[in-house]
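Let me begin by presenting the structure, written as structure tokens, before commenting on it.
Residue numbers (this note's numbering): 79 to 356.
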């Protein structure tokens, strides 16, 4: 269909969110399809400069001028954000005085939730007794294997609370405002709208320095670690525990960064890409 569209003169613009599918299914076919779309596209949109470099490398794009960098827009005022921390914690049954880590979103293998639980459970220092981990979201494809493994791991640590199922838009504020830090334990990542969401709620973050994350976040608002460091996530959580008094200001810093990615600005940049193709 894309070939026919191209032949009859319709322009093709591809916003590249991922280099490959998250579940690593049918990778050979996936790659053939991606290479074909990359070749046919009149323009491609990447959400950061690192992503542009990855696209050029993975898809063998010779005309790099057709790849445009347009940041991911923020979520400020896209979700309700009226509830305070104490009320949010009361709803979720969390202690007022605890330091709360949050993983929010669809639970998929590449997001590293199992690794998060394993490394969180190893936080056994004196300061870690007053911490809690909230995991909230639906399990991708209703995988029974993931469900069983997740419940088994969570049952071993009473500090972990699991809220399964899809989180409605009006409840996102409850989880975001109840936590102190949002964690992104990804095994691999190119672009993350979830990071922008956390920043839009003014939350400090823990994430691997991979893909666009390294361009969007910095050490003033996040605890970044190398994705190939097997203990990197645990080190980042320990650093967050040690710097609890800085988490609020780190979140405020992230909110200011997120304000830069307003949709008027993003829309103008996107429109420029489309005008370029006319």
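Ideal placement from N, C-alpha and C gives every residue a C-beta, glycine not left out.
Run through the DSSP bridge pairs and tell me what residue i is partnered with.
i	result
residue 215	242
residue 286	303
residue 66	In the structure displayed, the chain extends from 79 to 356; residue 66 sits before or after that span and is not available.
residue 210	178
residue 185	217
Report yes if the CB atom of residue i is closer than 8 Å to the CB atom of residue j, and no otherwise.
i	j	result
residue 118	residue 90	yes
residue 253	residue 261	no
residue 148	residue 344	yes
residue 273	residue 287	no
residue 188	residue 266	yes
residue 160	residue 251	yes
residue 277	residue 335	yes
residue 97	residue 140	no
residue 179	residue 228	no
residue 299	residue 332	yes
residue 256	residue 325	no
residue 82	residue 351	no
residue 247	residue 157	yes
Note down, in chain order, each residue of its chain lying with its Cβ closer than 7 Å to the Cβ of residue i, except the 5 sequence neighbours on either side.
i	result
residue 225	217
residue 293	126, 127 and 128
residue 115	80 and 92
residue 174	164 and 167
residue 275	153
residue 290	125, 126, 128, 129, 268, 269 and 270
Give the DSSP-derived three-state secondary structure of residue i in the structure shown.
i	result
residue 251	helix
residue 81	helix
residue 192	helix
residue 145	strand
residue 97	coil
residue 201	coil
Taking all protein chains shown into account, decide if residue i is buried (16 or more other Cβ within 10 angstroms of its Cβ) or exposed.
i	result
residue 236	exposed
residue 327	exposed
residue 167	buried
residue 58	Nothing about residue 58 can be reported from this structure: the residues present for the chain run from 79 to 356 only.
residue 153	buried
residue 186	buried
Tell me which residues share the same chain as residue i and place their Cβ nearer than 8 Å to its Cβ, disregarding the 5 neighbours each side in the sequence.
i	result
residue 322	177 and 258
residue 317	301
residue 201	209, 312, 315, 316 and 319
residue 120	89, 90, 91, 144 and 355
residue 133	94, 97, 116, 122, 124, 139 and 145
Between residue i and the rest of its own chain, which residues show a CB-CB distance below 6 Å, the 5 nearest in sequence each way excluded?
i	result
residue 263	190, 193, 194 and 311
residue 197	311 and 312
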